[in-house]
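Residue numbers (our numbering), protein chains in the order written: chain U, 403 to 705; chain E, -15 to 629.
Glycine residues also receive a C-beta, built at the ideal position from the N, C-alpha and C atoms.
Working notes, structure below.
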């Protein structure tokens, strides 16, 4: 019941996370920065603005923002914040989440092809390249979390990671490292991508978004926030220490998500963006660490 | 009853072949063939869903026998589901080819051979249909096209599949000789026979299925065939090769040993990755599709490997689910690849272009074919909730459970395969977003694409039927998965029909997901606001020249550059300068083919050298040949004495 309420609130609360990150980043950089609620103000502003269509673009361009927001909505309804979660009719499978995140990426890339914008296509090509290494890593991270639970049912995985016993397994540590990398890739934060860039040539996730305005852009900005919520909730629930109880579990997971926003702000302040072509190597390398963790589990290594 | 229906369908199909031979109109012959294949498919569906067995069982003798069991029934469904729309498409497509009546007759014969392989119950019948299945499409291609390059590709195809096909003969003849066929027994465990049959089967059927490293013929042969035949070759023929492999591994060797499962996982992972890497650097549409067939055959093979290692470890429920995952992917890929090859044929007809970079904007110009192709592109890229996602999800789930439950060697092999397949699916997303975006969206990139008009009704109907099958199979995968699990004697419980509910997963509720995605998308597009202004694309103030638009090579360049250590590419740029002014530029990029340079070329050179030595024996004198006969006879007699004693 409570967990279901939190999952529904996430639909509204997700932009809070990006606001928090921006605020803390400003603090670490010694700026006053925008208020935490700035993402909501942006969404309200965009909601009242006119939609501007690109001349010559077709159905893919029109549908992509709405459909990718719909995919992220489904993700938020799947990702639990506790070991028990209501079924909103969309199940609770980890690999379905992976598929829906890929669907959102695919739609945005297709919209770039529809507008034939050079910046959009350059950026979308980069994002899909990162996603190749990203999927490799994500599959192994899901596997490290699935091993103790015996499957990819997210509430069961959440319970499998609860308590302190799991930390005796090296696999869990490797999985945590991998998941932190997944957070950087999926949220598009430095050193992978810079969400604050205004230079078209350096854009990755932002590139195809250049062509959107008004409510379309609002959908896309909400999708980015929802992506933050989903991966941070998964990191906290599947890889960070938390109790098995529902109420205590939800409180601890939400607290961890706040801590993770601070971690992202620190990383974003202290680490420079990587060379583009090196990113897949880094992500793939972390994937190999996760693979070592999986092998250690299969061979029954425990401290 | 089922048997009679199947025989009736085959008879109708044969009539369709004869109609094309005696002077009748090609569309009538194709229609009759479609009816025949459809009836055979219905009989197959009955056998598959009811789990019944009709006709004779397998026998070792030389008496011909035909029969149907659930496995054969499943593959008849695969054949019919692909072939009926392909034949509908052919009604408009084939008459414009050279020698349409011969093509129609050979195509029908090809279908008869495919059905024959699946239904044959004696070794000779199986091998005869197997060879016909290889030769008939080759003949058809040679009739339609006579360029030297095509002839060379066909010779290569026949050479490799025949050499590899020796494995099929060895596996089947050994099985017949050991009495496995006909008797209700399997190969004795832990003997050399298991190793011999397993390896011979893997090489023999694998070379026909296009598994790496026996794959080099596939991307050369499938694209040169006329599109309706490409669809059948890529969609069905390679799957029938997997049918043979499944029959050997899961029926005659059941339970197969762990090492064979690990081998299938390894071959599957290498084929999937190798296939998609070949596809992503391709500029030619049909060649790209052929490479992607290798990828998908690899994915299905990996699932079969997961099933073997799970079965060997005693995890029977997930062994059955992994088996179902492999077969579901076989079915799904048949449909998807057919829709893609057929729309490639339509695009070629409508635009005269066969390179992805010369198409563009076809969704607006050819709405039916374009929309069907878009469905195929999204499905093969594994996008929810089309059929490609359902089976790839199931394959990945099977590998997760194999990593958990299949012991050490099976578990580690499954974990590595899982990661490789995930990367493969990531590359395939890039590959097919490029194809879909470049061919269907945006503006036309050539005069042919600009002037394209929609193809005829029959060609439209063919692709739309297949696209509909993609949607239905994506929504109701449980309908197919439940009988597939029962085939492995595991109760299917509450698997489906809408979505997949399996133990140890969070479930794939397709209806719920479709509802959420569909309703949210429609609502959000509605409230997007009607007041839309139109503005040019943002290009930093540059003029928006069609010649300056991004190419597919540009789109994938980050991928190619990031992984250039693994996939070396060579670039050559030719600049035309006149009086110091650049007037033209040509850029070509070639990707090194390690299998060709490091495996096939040395093998070919070695074979030629051996042939050169052997030529000394061929003196041409009769006495010498008689001498050889006598020598062989003596050696055989001595051998018989020594071995027999």
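The three-state secondary structure of residue 647 (chain U), taken from DSSP, is coil. Taking residue 29 (chain E) as the centre and dropping the five residues before and after it, the same chain places the C-beta of 61 closer than 6 Å to its C-beta, in chain order. Bridge partners of residue 51 (chain E) according to DSSP: E:39. Contact between the segment 577 to 597 of chain U and the segment 492 to 500 of chain E is absent: fewer than 3 CB-CB pairs across the two stretches fall below 8 Å. Assigned with DSSP and collapsed to three states, residue 422 (chain E) falls in helix. Within the same chain, and ignoring the five residues on either side of residue 280 (chain E) in sequence, the residues whose Cβ sits closer than 6 Å to its Cβ are 317. Residue 519 (chain E) is bridged by DSSP to U:456. Boundaries of the alpha helix (DSSP H) around residue 583 (chain U): 572 to 589. Residue 574 (chain E) has E:554 as its beta-bridge partners, per DSSP.
Secondary structure of residue 518 (chain U) (DSSP, three-state): coil. Contact between residue 641 (chain U) and residue 570 (chain U) fails: their C-beta atoms lie close to 15 Å from each other, not under 8 Å. Taking the Cα positions, residue 549 (chain U) is about 45 Å away from residue 211 (chain E). Shortest Cα-Cα distance from residue 451 (chain U) to any of U:689, U:617 and U:552 involves U:617. In terms of CA proximity to residue 651 (chain U), U:483 leads the group U:666, U:567 and U:483. The three-state secondary structure of residue 337 (chain E), taken from DSSP, is coil.
Put simply, the CB of residue 621 (chain U) is near chain E, with a gap under 9 Å to one of its CB atoms. Among the residues of chain E, those whose CB is under 9 Å from the CB of residue 523 (chain U) are 421, 533, 534, 538 and 539, following chain order. Within 10 angstroms of the beta-carbon of residue 603 (chain E) lie fewer than 16 other beta-carbons, which makes it exposed. At least one beta carbon of chain E lies nearer than 9 Å to the beta carbon of residue 517 (chain U). The contact set of residue 537 (chain U) on chain E, defined by CB atoms closer than 7 Å, consists of 406, 407, 409 and 410 in chain order. By the Cβ neighbour-count rule, residue 686 (chain U) is buried, with 16 or more other Cβ atoms within 10 Å of its own. Around residue 1 (chain E), the same chain offers 89, 92 and 93 as residues with beta carbons nearer than 6 Å, after the five sequence neighbours per side are excluded. Nearest CB-CB separation between residue 608 (chain U) and chain E: not below the 9 Å threshold. Against chain E, a Cβ distance below 8 Å from residue 508 (chain U) picks out 362, 365, 367, 413 and 417.
Of the residues E:241, E:465 and E:264, the one whose Cα lies closest to the Cα of residue 306 (chain E) is E:465. The C-alpha of residue 489 (chain U) is placed about 49 Å away from the C-alpha of residue 184 (chain E). Secondary structure in the segment 398 to 486 of chain E: the alpha helix (DSSP H) runs of 4 residues or longer, each lying completely within the stretch, are 431 to 434, 441 to 459 and 462 to 471 in chain order. Shown here, residue 601 (chain U) sits in coil according to DSSP, grouped into three states, outside any helix or strand. Around the Cβ of residue 609 (chain U), a 10 Å sphere holds 16 or more other Cβ atoms; the residue is buried.
For residue 621 (chain U), the closest C-alpha among the options U:506, U:581, U:691 and U:654 is that of U:506. Interface criterion not met: the Cβ of residue 641 (chain U) is under 9 Å from no Cβ in chain E. Under a criterion of Cβ atoms nearer than 7 Å, no residue of chain U is adjacent to residue 555 (chain E); the nearest Cβ is some 16 Å distant. From the listed residues E:359, E:488 and E:576, the smallest Cα separation to residue 450 (chain E) is found for E:359. The contact set of residue 456 (chain U) on chain E, defined by CB atoms closer than 9 Å, consists of 518, 519, 520, 521 and 522 in chain order. Checking the DSSP bridge columns, you'll see residue 559 (chain E) partnered with E:569. In this structure, residue 703 (chain U) keeps its C-beta atom at 9 Å or more from the C-beta atom of residue 547 (chain U).
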